[in-house]
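Protein chains in written order, with the working numbering: chain W, 1 to 109; chain U, 1001 to 1904.
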Amino acid sequence: MPTDLDLLQGTLDLLVLKALQWGPRHGYAVASWIRTTTDERLQIEEGALYTSLHRMEKRGWLEAEWGLSENNRRARYYQLTAAGRKQLGAKATIWTEYASAVFKVLETT
Amino acid sequence: MRRFPGLRRLMRIDRGARDVDRAVNDELQFHFDMAVRDLMNSGLTPDEARREAERRFGDVQRTRERLATIDRARAGKQRRAEWWSAFAQDVRYALRGLRLKPGFAAAVIVTLGLGIGANATMFGIVDRLLFRPPNLLIAPDRAGRIYIPQAYRGKESLNSFLSYRRFLDLKRGTTSFDAMSPYYSRRMAIGVGNATRQMDVSVFDADLWKMFDARPVLGRFFTDAESTPEDPQLVVVLSYAYWQTQYGGRNDVLGESIDIGVGKYTVIGVAPEGFTALSPNAPMGFISTAAHSHDRASTRGRPWYDTYNSQWFEAVARRKATVSQAAADADLTRAHVESYRRQLDEQPSLTPTEQARPRGFLAPLLDARGPTPSKESKVATWLGAVSIIVLLIACANVINLLLARAMRRRREIAVRLALGVSHGRLIMQLLIESTVLAVAGAASGLMIAYWGGAVIRRALLDEQAARQSLGDIRQIAFIGLVAGFVGLLTGLAPVFQARRTDISGTLKAGVREGVVYRSRLRSGLLIMQAALSVLLLVGAGLFVRSLRNVNDVRLGYDADRLLIVATDWRGMQLDTIQKQALLERIRERALTLPNVENATRSLTMPFYSNWTIDLHVPGIDTVAKLGTPSLQVGSPSLLATFGTRLIRGRDITADDRAESPRVAVINESMGKLLWPGQDPIGKTFRVNGDTTPPITIVGVAEDLRRQNLTDPNPFYYLPITQFRFSDDFIAVRTRGPAADAAEAVRRGLQPLMPGVSFVTTVPVSKLFAGNTRSWRLGATMFTVFGLLALVLAAIGLYSVIAYNVTQRMHEMGVRVALGAQARDVIRLIVREGLAVVLPGAALGAIAALAASRWMQPLLFQVSPRDPAVVTTVLATLIVVAVVASWVPATRAARVDPSEALRAD
């Protein structure tokens, strides 16, 4: 298994968008969710993750708001906007098609 | 803090940046705290947990900076978006406000539209005359027209017409120029047979192409090698427009043959779009000087390129970048002196060099900036200034309207201020309102410029200039600039007022207690409007009188009923006898046409051509020292056809045949010139040498003005039977206006013309029109602008007085209640109107007198201080002022005191 996967930026954005699909989360929750969901197989620098969050906020795909965390601390919560939701759908489709094409190639032995 | 607004702004930016940094820090701090806690929960020591968290995160410092950068950009974007939405809201608010008061909006938009439209129109003309260099010209600041002044009888004349030999002397004798070429434009016959059309053709040397950044879109341009004077190739480069319209942009046009004038030219290329050389509009094509001159007759035995005696073109040149203007002029002067010496060697009778003082210089290409600007361009420049005055008057009106509105809205403004709207936002709101008005005004101004401008240019200016495209980028930019300026100017006054609004005072006071503002600003504006109106109307009056004087000048012939019939042989080989016979047949045929009253052969035409030959009078040493009488030769019906009155003696008759004694009719000016104080009838003179048969003067005719409107020319008439020329015109006297009959006469005469030759008919009034154009332009435009100014000033006065009257209804009620008669109230208010108009009128009259010095040269036989004009204008203004204040005054007089006192 690749331990140091050089993730395309678009893929990172896709993962972050997916992590926010079910409601607002703060940065740490997004990072934890990705780590556990991928069984820690994707080694993502969390710094890059925050950059992705802020960049998508600037693009208007996410909205951020200060709120209280489960342990009553001030945390910055991110939430998908309508544009973000659309992006998630589009990126997911592209990625799936891409992956299945690559997979098809690999299957022909 | 208020004392250091700059400091405050600086701090705010600082705070914004700190906010972003703090937020990023907080967010990351939370992340690390959570990560460390979770890792410790899974059994790591605090140190291990921190290291693991940092490892997972990557470069913390770089991430922090990157996040801060992204956030700052986002914050900026957001601020801009907020500003735009506030702006859009203000615009919407302004539009809603205007929709609620459509009368007010319409008044302002129309007023501004007239002012801006006038400016846009004049800008188009003034720009063309003064600022815009010819299209595609390289380094317009170094290009210029060559002038070669020389003195004659102690007076220097600013000559710019050259002979080709002089041109060659200048070109070879100078080193300061990297291009030099003749440049002129001629109307030439294009094509043959029924399709023959007359179109402009530009003529120059191959050197001129160098001055332009132009490449042929097809084929090539003509070269020096194929335009040598001795053996020119007849080749033509078509203009893009002609190529498109006549050949549909076909690529195989190269090599085609076109009849131009008397030559068959081969098409060798097509010039790029927009290239018009130095002409205002695209000609049909471009040919070389040598090609155009290939059939030019030799002068005194010398070919056209080797004589000083035939000057027919102006020349342009571009000085090298390394040479100063002064050095280039000195170089030209040197070359001209040298050239003049050479001419003197051949013609020793010329004025000696020391007296002629030949010199040379390069003048700007644009006629209006050159040393001899036409009257029209001077008048147009004046009108440019005048249109700015109209705009100022329009602005003054709009400011007045906005001020009145701002006062009516004092309460609204006070409420908004009390509700916490910032002064800045309020000012922005007012400025946006005035800018919205200005933009709408600019749009209506553009329409006025489009429709009105086209009419004005066609009616008053050169047909050439009339076709200029409107709505070009410079004009649009100009209008945008003017609109912005107007928006700011008209918006500032109410802003100024709003800033001083005292919130609690205004809110507490009722409408009535609101102080009656008879603001000094508004009175000042009215005074200025009145003054400017007087200034413009005086100008209008002076030009109208000039035009009337011009039209009243007795020319010595009936320009309106004269038609010139000119023949173009186009290289038909006819000898003199055949031509004479044909011309006589044309004259006889013309007499049979229904709308022709009379017809004559005529050697020359007024405002078109002039002939002089050596004159010898017994007892006078050299006639040329006294002046140079011009010669006219024609049929016996000549004076009758032209409508020139015979004063004494007899006319030339059919009995003056070739073999009878030679006779002449002279005009009064010639009599005064050569035989002052004597009766010229019976005197004799000789022409063309002093051994020819003597000519006896048999009659004296009235004076003629043939070259300009002011000076009569000394003139004499010879019968065509006794003085033959190979070629001449036919003048036709029509029954109605000549312009109406021109086409019918042309169609009636054309069948007589053999082969490719043809006739053209031109009304003399058309040739003459160029000479009166400057006055027509001045009279029409000054009148239009003057009346516009007057109407605007009247509206301004009316609106201010009406507003004041509404404000003072209470006071009027008191006056009426105390027994004032309607007449007293009216007198009171009209007197107030006059109190602002009279000082303004006086100011305007003084300004008009002050400007008279510069006006004088543009007028015709009118003093710029003409008392009749000034008095009429002042009287008009006073009448208008009385009427404008009378209407609101009667309203005040009708006030019902009980109602006025009870209100509010």
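Each residue gets a CB set at the ideal place from its N, CA and C atoms; glycine is no exception.
Evaluate Asn1598(U) with the Cβ neighbour count: other Cβ atoms within 10 Å of its Cβ, from every protein chain shown; 16 or more gives buried, anything less gives exposed. buried
Taking Cβ positions only, does Glu97(W) come closer than 8 Å to chain U? no
Nearest-angstrom Cα separation, counted from Leu1162(U) out to Ala1465(U): The predicted position of Ala1465(U) is uncertain, since its pLDDT is 47 and thus under 50; a value taken from the coordinates is nonetheless stated next. About 26 Å.
Leaving out five residues before and five after Leu1402(U) in sequence, what residues of the same chain have Cβ atoms less than 7 Å from its Cβ? Ser1434, Thr1490, Ala1493, Pro1494
Nearest candidate by alpha-carbon position, reference Val1879(U), set Ser1757(U), Val1791(U), Asp1345(U): Val1791(U)
Do the segment 1255-1272 of chain U and the segment 1314-1325 of chain U make contact, defined as three or more Cβ pairs closer than 8 Å? no
CA-CA distance, Trp1304(U) and Ser1288(U)? 14 Å
Between which two residues does the beta strand (DSSP E) holding Tyr1982(U) run? Given that chain U is displayed from residue 1001 to residue 1904, the structure contains no residue 1982(U) and the question cannot be resolved.
Nearest to Asp1295(U) (by Cα), restricted to the options Trp1083(U), Ala1817(U), Met1572(U), Gln1578(U): Checking every option, the nearest Cα to that of Asp1295(U) belongs to Met1572(U).
Determine, using beta carbons only, whether Val1020(U) comes closer than 8 Å to chain W. no
Count the other C-beta atoms from every protein chain shown that fall within 10 angstroms of the C-beta of Ala1881(U), then say buried if there are 16 or more, exposed otherwise. buried
What are the boundary residues of the beta strand (DSSP E) that Arg1733(U) is part of? 1729-1734
Between the CA atoms of Gly1285(U) and Trp1236(U) - distance to the nearest angstrom: Sequence inspection shows Val at residue 1236(U); the Trp mentioned does not correspond to that position. Rounded to whole angstroms, Val1236(U) to Gly1285(U) spans 6 Å at the Cα level.
Cβ pair count under 8 Å reaching 3, the segment 1583-1591 of chain U against the segment 1745-1765 of chain U: yes
So what does DSSP say about Tyr1340(U), is it helix, strand or coil? Tyr1340(U) sits in a helix when the DSSP states are folded into three classes.
How many whole angstroms separate the CB atoms of Leu68(W) and Arg74(W), which I take to be in contact at a CB cut-off of 8 Å? 7 Å
Measure the C-alpha to C-alpha separation of Val1337(U) and Leu1170(U) and round it to an integer number of angstroms. 10 Å
Decide if Leu1704(U) is buried, meaning its Cβ has at least 16 other Cβ atoms within 10 Å, or exposed. buried
Look at the Cβ atom of Ala1385(U), then the Cβ atom of Ser1377(U), and state whether they are nearer than 8 Å. The answer is no: Cβ separation not under 8 Å.
Restricting to Cα atoms, I'd like to know which of Trp66(W), Trp22(W), Ser100(W), Arg35(W) is closest to Glu46(W). Of the listed residues, the one whose Cα sits closest to Glu46(W) is Arg35(W).
Could you tell me whether any Cβ in chain U is nearer than 8 Å to the Cβ of Thr51(W)? At least one chain U Cβ lies under 8 Å of Thr51(W).
At the 8 Å Cβ level, is Leu1044(U) part of the contact set with chain W, yes or no? no
Which of the three DSSP states, helix, strand or coil, is assigned to Asp1026(U)? helix
Chain-order list of residues whose beta-carbon lies under 7 Å from that of Tyr1308(U) (same chain, five-residue window excluded): Cβ neighbours of Tyr1308(U) within its own chain (closer than 7 Å, five residues either side excluded): Ser1163, Arg1165, Arg1166, Gln1343.
Is there contact between the segment 1668-1680 of chain U and the segment 1753-1768 of chain U, where contact requires at least three CB pairs shorter than 8 Å? As far as the Cβ criterion goes, the segment 1668-1680 of chain U does not touch the segment 1753-1768 of chain U, which means the pair count is below three.
Between Tyr1240(U) and Ala1282(U), which are expected to be in contact by the criterion C-beta below 8 Å, what is the C-beta distance as a whole number of angstroms? Rounded, the Cβ-Cβ distance is 7 Å, consistent with contact.
Does any C-beta atom of chain U lie closer than 8 Å to the C-beta of Leu15(W)? no
Given Gly1274(U) as reference, the closest of Asn1551(U), Asp1252(U), Arg1215(U), Lys1264(U) once Cα atoms are compared: Of Asn1551(U), Asp1252(U), Arg1215(U), Lys1264(U), the smallest CA-CA separation from Gly1274(U) is found for Arg1215(U).
Taking the runs of the beta strand (DSSP E) that are 3 residues or longer, which of them lie wholly in the segment 1559-1614 of chain U? Those beta strand (DSSP E) runs which fall completely within the segment 1559-1614 of chain U and span 3+ residues are 1562-1568, 1596-1602.
With respect to the beta strand (DSSP E) encompassing Leu1158(U), which residues constitute its N-terminal and C-terminal limits? Where Leu1158(U) is concerned, there is no enclosing beta strand (DSSP E), given that its DSSP letter is neither H nor E.
What three-state label does DSSP hand Asn1713(U) in the structure shown? strand
Contact between the segment 1151-1158 of chain U and the segment 1423-1437 of chain U (3+ Cβ pairs under 8 Å): These segments do not touch.
Locate the alpha helix (DSSP H) running through Glu1052(U), then write down its first and last residues. 1046-1057
Can you pull the chain W neighbours of Leu1067(U), defined as C-beta to C-beta under 8 Å? Tyr50, Thr51, His54
What does the Cβ neighbour count give for Met1447(U), buried or exposed, with the cut at 16 atoms within 10 Å? By the C-beta density criterion, Met1447(U) is exposed, having fewer than 16 other C-beta atoms within 10 angstroms.
Taking the Cβ atom as the reference point for each residue, do Met1812(U) and Val1895(U) lie within a distance shorter than 8 Å? yes
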